[in-house]
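To start, the structure itself, in structure tokens.
In our numbering, the protein residues as written are 91 to 1086.
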């Protein structure tokens, strides 16, 4: 133990030392099997009782005094006589009875097992309950043991924790006449803990902090010699020997004048040692940390990892405004007691022109460490050598904030593992090999709302939860942006959160709104922008033009018009572009946070010509279209395709992926392609928008992305219609007809079919007129005009047999007529037409259409009872559909095979198929398929004699059909339900027909 440690330890009085052997608070695991509620008692402040976090109200001062006395004697019985003496100066004759009533009332308010009585008196037994005084004494004892071990950082931590339990004067709500003596004893324990903590702070070299804390303590305890001793020691430690001696003279006069005595021997001996210059002065201890931030939100786990790390260098990276500095300062303040040599802090100000010179920073650090200004070496190498030599003798915490580069940081790193360095940076600083590094993320949605509430008011945020969630999203969950938004709400209490949400929703003005006082999100982004070179800045501006949420690496090169991998890496390194890793196809993917994207667009508008921006967007759209044309040509579907138009060469890297995995490429890029459709519309390139939408349609149809499909078509049709591209428009309207069929929007079908017919007539295109005629017939069928539909489709078949029309057109018309005849109940003619359509499609290589015809042929054959032929057709259809990756088509074929299994008596196979099909339909949101599969489940249950289950399934199917509309399906399902109800019984029939 050092000499300073011995001096600082002498002031601890015996009552605190006795607490070292007092009962220590037990952990819950040490309490055994504790049942029921717990009670938490507090005496270090107003007397407080909580029963499972509910405050227990005590009736009066005497009841509170009895409880206080018992708590202060926890584990020891207190005799009735002692309690009566505490309650009354002159006890009344009924004192014992009144005391008994007081204790009984307390037992009723608390758990019965808290206060027990015995021959020796009343006793509080805590068991599973808690008392803040016990916890205080246990922590204080831990601190004293650490002092004995010479572990002053651990002592300070334990004593700080102990003193934090005090909520004010002990037993503050009890009148002095009842509790003055009890309170004084407790306060003595507190002061002794404070003194022990001050002694350890002195031992750690924090004499300046001790000097700041002592005057307030001395004012409250003017005759406590141990406090004056610490003041004299601290003054001597910082080189103020004359002030230390003057302090003794003031104490001497005060004691003589006010008490008529001299200071004690220990204080007189300390004065003599100071006169002999025996108290060594401490080295200059810098305390440069800025104030600790408010409690961090959403960073507990990250902070814990940093504090637990044994690595001497901690690197916190992340985008501007993400809260790196706040996290580093919070960590530094937690760590500072372990670094008695002090804390050095420098803001290296990344993005500043020019960047901070590390040798100038080293000069400031040397002066803070006590080196006179004229002794700071001019030579940079000598300056760094002296800096590291001084740190080698001390445990110092160094915080380097907003570092710009490795070259800026390296000279300031201590040369010893006894010191620790925290670095924050907007760059990766990958050359700092061996450092522990953390990338600080944006906040989660929950933490974002908590941060908003802390600044703007939790009640205000809770009252407009939906608007608050939107604000958090518009702030990209960036702490700086959230604090600014919340600060604006706090500054304008008349605003609703919905009003701020609306302000932030305007992209062009969002960054204008995210500024309050000296907090400015745009300025923070500007700093990051300036840290990278001109090339990466130019690429960032172009990336801001991309409307997709995320994108593969080839997008950057296409936008830039040349190799961009190095530039993209620089932007990633500066946390301006966020890498998302590789997707399922092995492509690297990236994104811009919304606020960075908005900033990048601002910079593009300011720094780049309109022609430059337009050319970059045109290159990007050409790239998407070329890839989509290639991918669409490699997947099989039965939708109309765009007419043959030359397309630009696709970017080479993704083109190889498209050739190998066209459907998987569509899946990975689905949202990017949809965004490209919208961007083409916005750019006035209607032809590209329409072509992209058509090339995307086949995949969206196969995977049942009906909402995405309808949305892309709606934008493209609007742009193409305005531009007057008739041939492209008719194909788009045809695709709209198909998606309306998929979504059961049957009322839209006639209008779409009529528009097709009108455009086809204007263009004089015979194949397109036949396709329009076919759609008119299909629309009639969906609106339950069966006879009209059959008539129109019969005309369409006749027109399609014209020798100028391709076989595919005839196959479509024949299949539609076959489907209509099956709806009308003419299964024989339906089967013949479906067989013909299949032959036509097979002859032209339309494999997926052929599979669809075989499926519809099987439905007719099943209805005719020709199950063997139906099974052959469905098996062939399943093989083709599965190879095409059409999950929805496979579900329909599975369900149709189940119907064949039911007729053949293969009930177990049918059940497996139905369950599988039903799961797929529900996952994909396909109502038609779900209703059909439920109907098959009802047929299976009826075949097995489970009529109640059958009724349940048929009713579920019927509810869906009634919602989406086709009358033939409703009629068929109602007939099956009626047929199944008969075996259940007349009374049951009525209940099932009219539930509720």
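Even glycine gets a Cβ: it sits at the ideal position worked out from N, Cα and C. Please read these numbers as outputs of a predicted model, since none were measured by experiment.
Whose CA, out of the options, lies closest to the CA of residue i?
i            : options              : result
residue 323  : 1055, 288, 346, 704  : 288
residue 383  : 421, 364, 394        : 421
residue 403  : 810, 417, 588, 489   : 489
residue 696  : 747, 627, 716        : 627
residue 1094 : 861, 815, 871, 509   : Outside the displayed span of the chain (91 to 1086) sits residue 1094, for which this structure offers no information.
residue 619  : 576, 640, 666        : 666
residue 1099 : 1050, 498, 506, 505  : The requested residue 1099 is not part of the displayed model; the chain covers only 91 to 1086.
residue 707  : 720, 755, 684, 772   : 772
residue 1001 : 1033, 451, 703       : 1033
residue 673  : 756, 687, 621        : 756
residue 898  : 878, 183, 742, 938   : 938
residue 483  : 846, 372, 385        : 372
residue 918  : 932, 951, 927        : 951
residue 915  : 1029, 782, 1059, 394 : 1059
residue 964  : 982, 975, 978        : 982
residue 887  : 906, 878, 754, 596   : 906
residue 687  : 364, 635, 496        : 635
residue 239  : 1005, 702, 290, 346  : 290
residue 716  : 959, 648, 761        : 648
residue 739  : 654, 845, 720        : 720
residue 660  : 141, 645, 623, 684   : 623
residue 546  : 557, 581, 430        : 581
residue 432  : 391, 374, 329, 469   : 374
If residue i and residue j are in contact, beta carbons under 8 angstroms, what's the gap, nearest whole angstrom?
i            : j            : result
residue 1070 : residue 1044 : 6 angstroms
residue 503  : residue 511  : 6 angstroms
residue 447  : residue 491  : Actually they are not in contact, since the Cβ atoms of residue 447 and residue 491 sit about 15 angstroms apart, beyond 8 angstroms.
residue 851  : residue 859  : 6 angstroms
residue 204  : residue 214  : 6 angstroms
residue 542  : residue 562  : 7 angstroms
residue 387  : residue 517  : With 8 angstroms as the limit, residue 387 and residue 517 do not qualify as a contact, their Cβ atoms being about 25 angstroms apart.
residue 1048 : residue 997  : So it is not a contact: roughly 23 angstroms between Cβ atoms.
residue 713  : residue 741  : 5 angstroms
residue 984  : residue 1007 : 4 angstroms
residue 763  : residue 828  : With 8 angstroms as the limit, residue 763 and residue 828 do not qualify as a contact, their Cβ atoms being about 18 angstroms apart.
Verify the CB distance criterion: does residue i have a CB-CB separation below 8 angstroms to chain D?
i           : result
residue 265 : Absence of chain D from the displayed structure is noted, only one protein chain being present.
From the DSSP output, read off the bridge partner residues of residue i.
i            : result
residue 488  : 434, 511
residue 1018 : According to DSSP, residue 1018 bridges with nothing at all.
residue 140  : 130, 145
residue 377  : 433
residue 212  : 168, 207
residue 641  : 680
residue 528  : 406
residue 671  : 679
residue 220  : 130
residue 609  : 606
residue 493  : 515
Indicate, with yes or no, if the ligand FMN has a heavy atom lying under 7 angstroms from the CB of residue i.
i           : result
residue 884 : Among the components of this structure there are no ligands whatsoever, and the ligand FMN is therefore not found.
**Any beta strand (DSSP E) of 3 or more consecutive residues that is wholly inside the segment 541 to 604** = none
**Item:** Three CB pairs or more closer than 8 angstroms across the segment 250 to 261 and the segment 304 to 314
**Value:** no
**Message:** Under 8 angstroms: do the segment 398 to 414 and the segment 344 to 359 share three or more Cβ pairs, one atom per stretch?
**Reply:** no
**Message:** Check whether the segment 464 to 484 and the segment 527 to 535 are in contact - that is, three or more C-beta pairs closer than 8 angstroms.
**Reply:** no
**Asked** Is the segment 443 to 462 close to the segment 263 to 280, with three or more CB pairs under 8 angstroms?
**Response** No, they do not touch.
**Message:** Threshold first: 4 residues or longer. Then list the alpha helix (DSSP H) segments lying entirely within the segment 226 to 312, N to C.
**Reply:** Correct list: 242 to 253, 266 to 293, 297 to 310.
**Message:** Restricting to runs no shorter than 3 residues, where is the beta strand (DSSP E) found entirely within the segment 338 to 404?
**Reply:** Segments of the beta strand (DSSP E) lying fully in the segment 338 to 404: there are none.
**Asked** With a cut-off of 8 angstroms, do at least 3 Cβ pairs link the segment 967 to 975 to the segment 921 to 936?
**Response** no
**Prompt:** Given 8 angstroms as the limit, is there contact between the segment 653 to 672 and the segment 721 to 740, that is, 3 or more CB pairs closer than that?
**Reply:** no
**Request:** May I have a chain-ordered list of the alpha helix (DSSP H) segments no shorter than 4 residues that lie completely inside the segment 808 to 833?
**Result:** Runs of the alpha helix (DSSP H) spanning 4 or more residues and lying entirely within the segment 808 to 833 occur at 816 to 832, in chain order.
**Prompt:** Should the segment 194 to 203 be called in touch with the segment 241 to 252, which here means at least 3 C-beta pairs below 8 angstroms?
**Reply:** no
**Request:** Specify whether the segment 621 to 640 and the segment 672 to 691 touch according to this definition: at least 3 beta carbon pairs, one from each stretch, less than 8 angstroms apart.
**Result:** yes
**Prompt:** Does the pairing of the segment 327 to 341 with the segment 302 to 309 give three or more beta-carbon distances under 8 angstroms?
**Reply:** no
**Asked** Using 8 angstroms as the threshold, is the segment 761 to 779 in touch with the segment 793 to 804, meaning 3 or more CB pairs across them?
**Response** yes
**Asked** How do the segment 219 to 229 and the segment 152 to 159 stand: do at least 3 beta-carbon pairs fall below 8 angstroms, yes or no?
**Response** no
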